[in-house]
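S.K.: Residue numbers (the working numbering): 11 to 1112.
Input: one structure, supplied below.
Listed below in structure tokens is the structure:
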């Protein structure tokens, strides 16, 4: 008791990827080991002395280890959903995961029933488990909310989450005694002899307060309360001394602990003063245990540290311990090698038995196809008699007929890379026959998914994403959206929003104004719409929009981000419905800022009166709401109903709820109903099914009969009339009234979740194109499928048919036929605010006082054809993902994610030729994994507003400047601009790009010459010697373009280019020293016509 406890050592597991709090500790009573479990499901054992690791294994997948129990046969670990037993070397003996396991918290064994384990938690029943077989033998009812269990010789002490402690007979498991130890919660309890100790929380003034006392009870006299143990810092953990029956170890979460003798509490002032100890932890204590010898303690904290204390320098974990099993250590082979020693003297492993990798022909055999899956409708209606199930035949297929399972075709219908196609064209081989697949093959019955609906993925070659043939998937005039971006499931809705013409004009006019919000989704939507308009069939990226979307904390709180690892069971349909509701509300808020035009509200908002009436006092409350989306409420009974009747019931709802009545000042039965008072221009319907019964309503109906292509809505006072209006028939008079109360809606787009057998789900959009109508008379307004970057024309029947179970609708969009006449788009801003080009904007705290650039003046306003030189630098947000094939070659799975870090734009002509007017560093809040300093010149701190010495701007500001230059008709000169503009996410027409990497390139040569080599060979300049500088690179590209004009005017450009390739081959495309004789003297001399140009200032010889 009077012994002094000293810290022996502390350690943290260095092999974990992230901090995982310690959740359980247990000293091994049979061997000199300490067992540790953490929140991520890993169990590790350490030697008692030295705490070196003995074994480590993942017991439960990403589940907290709530308790460890060590017996002679092994170690048992308990998690919320499973229990597992392993031997001390880590080999699994059994693993129990059952439907009866809901949320386990604790376990114990009894002294009467050997070979059984009791497990309980926040569930209705306690489980009795056979330790030999790892199976549940029986359950004990009325044992809920048990979080702590301790065994006594003839009873089991159970602590409830609600603060109650019960004693159960170990034979019958009936409650013999009970006591309410704490009014709120119980944190721990322990027993020894006739004493029971508890600690926990009390409820005071509506909040939880930790009791500063350890309560003591005598179980011999009906749980009689004894004098409590004071512990001012708040007791959280209790452990009785293994050899002294009246001594206990008490610890708090803050790291303070004490050894206390309960018998001395009766001595009062004659008792020796209590001695407290403090653990030097930077976190909070989460677990503790005392060894069976009582000579050493162990504590775990939330920072994954384990602290060991002992009362003597020489200590043992147990009075008597069994020896540990250790692995056999092979003696090292002593091979002496000399200059004349043959390599054969190095021995090779000798195998006395065949390796496991050598499969004999008798060991392999065909197992055939797996059994056919039973129809879900059969399982739902099945009745069981004895062990035989009976169900009516739903009639989906004939008797003894099963769907044919086709083997997955690897890389089928995937085009060849562009580099391969160019190589085959140079070799005069047939490229098209080997690269174009049969994407348009369809099943007339609609039961088999067409290939154009399959999940598309980008393949990467050694040349990156630019080598992928996107044109193979899109031969239309509409641009697709790429998929290698996080949260790219939003692509389908972004395409739908693009075809809502009023919304597109609102977003495009919004980017003409000066929007102060950094991550404005309406701005990013406007930039994206501009790209899609200019794409003319090229693929685009929603990178900037999705990056701004990922920074919104409300989106993360709503769970709108897709997981990094694809999940086959994830409902993308529900995810899309939540995203639709969120994005509409977000665009509404951003467009309704002061000084903005509320056209989005007129386009997408419903005008709904929510009316509530108290059933007791008849008090009525009404308020106006403006929802953006209608959630389709499917009927509970699977009877056939029309789509319009379900839509009407979803819009015009009346229900009974219990709500607060301000008149009665109490909760009363309340009748609530919603009455439609105004109709939107665009109707968005969330039609995703939440269960199989709702999803079965779609394929059960015939095409063109259930989902109406057109319907009318008429508001008749408080009544709502919705009727389908088939094409070719006259419109009833009731739908020809005032536009405020009557509207006719036509189906404009649908978003579907596609999931074929054994494939990951994804989303596609079916949109009726109303712009750039093709002259071929297929239909007046043809339908198109937007499957990310695959865009293809489809028929009307494909849209209205839901025969196959491979597609389910998620979002439907209907558009008013008279929407153009209802909205006055002329009030939108038409003039672009170009003031940003003439402002010096920065978010850096201490920017450079003398920047390297000069801001444009109003008289330098760019005009169509104005030449500017540009270069950009990038940093990496994610490293590339690669795999090594069996032949040793490396395959690129996903390229690194780059983001813009610096952009420099120089004047291309005039008095200030080659003088920069933009040199912006880009501030980013995302973690940067690699600054790529060798290639970008960006260093740590350059992009931090607190430490940067440069002009630092948000990405939106830099992007908007480039967007303005593009819209003004500027011609961009640079080296390798195609990749730069792709990462910047800016679609620039080819006529506005002059790329020196293409100018100084011979088409039948695969080598493209670097800017550094061209500058060394043609300009005699040594650039990029101390890192990249975007101003220097842009200026060099501008000079090379001027040189190209002179060579072409003199007629010597072809001769010069051949000499450059010859010099490159001789020098292996590496620049030599300045006095190198490898530089050819055959380069035709060029007479300089601009000796006074700033292009050739100091360091730039003419």
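We put the CB at the ideal spot given by N, CA and C, even for glycine.
Remember, it's a predicted structure, so these values are computed and weren't measured experimentally.
On the CB-based measure, 16 or more other CB atoms within 10 Å of its CB, does residue 323 come out buried or exposed?
M.R.: If you number the chain shown from 1, residue 323 lands on position 313. Classification of residue 323: exposed, given that the 10 Å Cβ count is below 16.
S.K.: Please classify residue 809 as buried or exposed, where buried requires at least 16 neighbouring CB atoms within 10 angstroms.
M.R.: The residue you call residue 809 lines up with position 799 of the chain shown. Classification for residue 809: buried.
S.K.: Just reading off the alpha helix (DSSP H) that residue 557 is part of, what are its end residues?
M.R.: Here residue 557 is taken as the residue at index 547 of the chain shown, counted from 1. Residue 557 -> alpha helix (DSSP H) spans 553-560.
S.K.: Would you kindly work out how many angstroms separate the C-alpha atoms of residue 379 and residue 344, rounded to a whole number?
M.R.: Here residue 379 refers to the residue found at position 369 of the chain shown. Here residue 344 refers to the residue found at position 334 of the chain shown. The straight-line gap from Cα to Cα measures roughly 54 Å.
S.K.: Please report the straight-line C-alpha distance between residue 1122 and residue 399, rounded to a whole angstrom.
M.R.: Absent from the model: residue 1122. The displayed extent of the chain is 11 to 1112, so no value can be given.
S.K.: For a test of the three-state rule: what should DSSP assign to residue 353, helix, strand or coil?
M.R.: Reading the chain shown from its first residue, position 343 is the one you call residue 353. Looking at residue 353 - three-state DSSP - the assignment turns out to be helix.
S.K.: I'd like to know if the segment 573-584 and the segment 1026-1037 are in contact, where contact means that at least 3 CB-CB pairs between them fall below 8 Å.
M.R.: No: the two stretches stay apart, fewer than three of their Cβ pairs being nearer than 8 Å.
S.K.: Excluding the five sequence neighbours on either side, which residues of its own chain have a C-beta within less than 7 Å of the C-beta of residue 928, listed in chain order?
M.R.: As a working note, residue 928 is residue 918 in the chain shown. Within the same chain, residue 928 has close Cβ partners 863, 913, 914, 915, 971.
S.K.: Could you check the C-alpha separation between residue 164 and residue 201 for me, to the nearest Å?
M.R.: As a position in the chain shown, residue 164 is number 154, starting the count at 1. As a position in the chain shown, residue 201 is number 191, starting the count at 1. Between residue 164 and residue 201, the C-alpha separation is close to 12 Å.
S.K.: Of the residues 672, 504, 310, 227, which one's Cα is nearest the Cα of residue 541?
M.R.: Counting from 1 along the chain shown, the entry for residue 541 is found at position 531. Closest option to residue 541, Cα to Cα, is 504.
S.K.: Please return the same chain residues whose Cβ sits closer than 6 Å to the Cβ of residue 213, not counting the five positions on each side in sequence.
M.R.: For the purposes of this step, residue 213 is taken as the residue at position 203 of the chain shown. Result list for residue 213: 193, 194, in chain order.
S.K.: Which residues does DSSP pair with residue 886 in a beta bridge?
M.R.: The residue given as residue 886 occupies position 876 in the chain shown. Per DSSP, 908, 940.
S.K.: In whole angstroms, what is the alpha-carbon distance linking residue 973 and residue 1037?
M.R.: As a working note, residue 973 is residue 963 in the chain shown. As a working note, residue 1037 is residue 1027 in the chain shown. Distance between the alpha carbons of residue 973 and residue 1037: 28 Å.
S.K.: The beta strand (DSSP E) with residue 108 in it runs from where to where?
M.R.: Taking the chain shown and counting its residues from 1, one reaches residue 108 at position 98. Element bounds for residue 108: n/a, residue is neither H nor E.
S.K.: With a threshold of 16 other CB atoms inside 10 Å of the CB of residue 484, please say whether the residue is buried or exposed.
M.R.: The count along the chain shown starts at 1 and reaches residue 484 at position 474. Label assigned to residue 484: buried.
S.K.: Quick check: the Cα distance between residue 90 and residue 73, rounded to an integer number of angstroms?
M.R.: If you number the chain shown from 1, residue 90 lands on position 80. If you number the chain shown from 1, residue 73 lands on position 63. Rounded to whole angstroms, residue 90 to residue 73 spans 7 Å at the Cα level.
S.K.: Cβ of residue 207 within 8 Å of Cβ of residue 224?
M.R.: Stepping through the chain shown from its first residue, residue 207 is reached at position 197. Stepping through the chain shown from its first residue, residue 224 is reached at position 214. Yes, the pair counts as a contact, with Cβ atoms nearer than the cut-off.
S.K.: Looking only at its own chain, which residues have a Cβ that is under 7 Å from the Cβ of residue 304, when we skip the five neighbours before and after it?
M.R.: Stepping through the chain shown from its first residue, residue 304 is reached at position 294. Excluding positions up to five away in sequence, the list reads 251, 252, 253.
S.K.: Along the alpha helix (DSSP H) that carries residue 186, what are the first and last residues, could you check?
M.R.: Taking the first residue of the chain shown as position 1, residue 186 is located at position 176. Segment 185-190 is the beta strand (DSSP E) holding residue 186; no alpha helix (DSSP H) there.
S.K.: For residue 469, which residues of its own chain have a beta-carbon under 7 Å away from its beta-carbon, when the five flanking residues on both sides are left out?
M.R.: For this step, residue 469 is matched to residue 459 along the chain shown. Counting only Cβ-Cβ distances below 7 Å, and skipping sequence neighbours, we find 424, 478.
S.K.: Would you call the segment 488-506 and the segment 517-527 in contact, with 3 or more CB pairs under 8 Å?
M.R.: The segment 488-506 is not in contact with the segment 517-527.
S.K.: Measuring CB to CB, does residue 673 end up less than 8 Å from residue 629?
M.R.: Residue numbering aside, residue 673 sits at position 663 when the chain shown is read from its first letter. Residue numbering aside, residue 629 sits at position 619 when the chain shown is read from its first letter. Closer than 8 Å, so yes.
S.K.: Can you grab the Cα-Cα spacing for the pair residue 861 / residue 960, in whole Å?
M.R.: As a position in the chain shown, residue 861 is number 851, starting the count at 1. As a position in the chain shown, residue 960 is number 950, starting the count at 1. For residue 861 and residue 960, the distance between alpha carbons rounds to 8 Å.
S.K.: Assuming residue 697 contacts residue 822 under a Cβ cut-off of 8 Å, what Cβ separation, rounded to an integer in Å, is found between them?
M.R.: Here residue 697 refers to the residue found at position 687 of the chain shown. Here residue 822 refers to the residue found at position 812 of the chain shown. Contact holds; Cβ gap of about 5 Å.
S.K.: For residue 566, does the count of other Cβ atoms within 10 angstroms reach 16, so buried, or fall short, so exposed?
M.R.: Numbered from 1 along the chain shown, position 556 holds the residue referred to as residue 566. Burial call: exposed.
S.K.: Roughly how many angstroms separate the alpha carbons of residue 19 and residue 58, rounded to a whole number?
M.R.: Working through the chain shown from its first residue, we reach residue 19 at position 9. Working through the chain shown from its first residue, we reach residue 58 at position 48. Approximately 11 Å, taken between the alpha carbons.
S.K.: For residue 1066, does the count of other Cβ atoms within 10 angstroms reach 16, so buried, or fall short, so exposed?
M.R.: Position 1056 of the chain shown holds residue 1066. When all chains shown are included, residue 1066 counts as buried.
S.K.: Between the segment 78-89 and the segment 113-127, do three or more beta carbon pairs fall short of 8 Å?
M.R.: Touching, per the Cβ criterion.
S.K.: Take the Cβ of residue 903 as the centre, count every other Cβ of all protein chains shown within 10 Å, and call the residue buried at 16 or more, exposed below.
M.R.: Here residue 903 corresponds to residue number 893 of the chain shown, with the count starting at 1. Burial call: exposed.
S.K.: Using the beta-carbon count (16 or more within 10 Å), is residue 370 buried or exposed?
M.R.: Taking the first residue of the chain shown as 1, we reach residue 370 at position 360. Exposed, since its Cβ has fewer than 16 Cβ neighbours within 10 Å.
S.K.: Less than 8 Å between the CB atoms is what I'm expecting for residue 93 and residue 101, so what's the real figure, rounded?
M.R.: In the chain shown, counting from the first residue as 1, residue 93 sits at position 83. In the chain shown, counting from the first residue as 1, residue 101 sits at position 91. Not really, about 16 Å apart at Cβ, beyond 8 Å.
S.K.: Decide if residue 308 is buried, meaning its Cβ has at least 16 other Cβ atoms within 10 Å, or exposed.
M.R.: For this step, residue 308 is matched to residue 298 along the chain shown. It is buried - the Cβ of residue 308 has at least 16 other Cβ atoms within 10 Å.
S.K.: Leaving aside the five residues before and after residue 203 along the sequence, list all residues of the same chain whose C-beta is less than 6 Å from its C-beta, in chain order.
M.R.: In the chain shown, counting from the first residue as 1, residue 203 sits at position 193. Hits under 6 Å: 255.
S.K.: Tell me, please, whether the CB atom of residue 684 is closer than 8 Å to any CB atom in chain E?
M.R.: No chain E is present in this structure, which holds just one protein chain.
S.K.: Give the DSSP-derived three-state secondary structure of residue 241 in the structure shown.
M.R.: As a first step, residue 241 is located in the chain shown; it is residue number 231 there, counting from the start. Residue 241 falls in the coil class under three-state DSSP.
S.K.: Just the Cα atoms here: how many angstroms apart are residue 552 and residue 502?
M.R.: As a first step, residue 552 must be located in the chain shown, where it is residue number 542. As a first step, residue 502 must be located in the chain shown, where it is residue number 492. Those two C-alpha atoms are separated by around 11 Å.
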